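S.K.: First residue of the sequence shown? That's 1 in UniProt numbering, and the numbers climb one at a time after it.
Have a look at this one before I ask anything.
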Amino acid sequence: MQDISFDDFLRVELRVGTVLSAEAFPEARKPAYILKVDFGPEIGIRKSSAQITELYEPEGLVGRQVVGVVNFPAKQIGPLMSECLVTGFHNADGAVALCVPDKPVLNGTRLL
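Structure, rendered in structure tokens:
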């Protein structure tokens, strides 16, 4: 593991957003959903490809808050231009569990 400075950490914009929609992404190489996430009025709605199909169903994601990186450059993933990175952790089986706030916060709130 490489040490980074606090200034390096501050360059990463980790923000809270609410999932507005989640749908299957059949064109993805690995099973994934297309998420539309509302990061509040400053950032707006962003799309993301999320490989979270093992632990989540689309209907259970709508309305949930997630933590996403919003200042990475957009990335083409098949036919989707992914505009943010929704964060998560691999569990012991390799499935991704979302990184989420444990209490509701305003969309767009920055992790510090």
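Ideal Cβ positions, reconstructed from N, Cα and C, are used throughout, including at glycine.
Because the structure is a prediction, the values reported are computed rather than measured.
My output table needs one value for residue 106: the three-state DSSP class, helix, strand or coil.
M.R.: Translated into positions along the sequence shown, residue 106 becomes position 106. It is coil, neither helix nor strand.
S.K.: So, is residue 5 buried or exposed, given that buried needs 16 or more other C-beta atoms within 10 angstroms?
M.R.: Here residue 5 refers to the residue found at position 5 when the sequence shown is read from its first residue. Result: exposed.
S.K.: In terms of residues, what are the limits of the alpha helix (DSSP H) holding residue 10?
M.R.: Working through the sequence shown from its first residue, we reach residue 10 at position 10. Here the alpha helix (DSSP H) through residue 10 covers 6-10.
S.K.: Identify the continuous beta strand (DSSP E) that holds residue 23 and give its terminal residues.
M.R.: Taking the first residue of the sequence shown as position 1, residue 23 is located at position 23. From DSSP, the beta strand (DSSP E) with residue 23 extends over 14-24.
S.K.: Could you tell me the boundaries of the beta strand (DSSP E) in which residue 98 lies?
M.R.: In the sequence shown, residue 98 corresponds to position 98, counting from 1. From DSSP, the beta strand (DSSP E) with residue 98 extends over 96-98.
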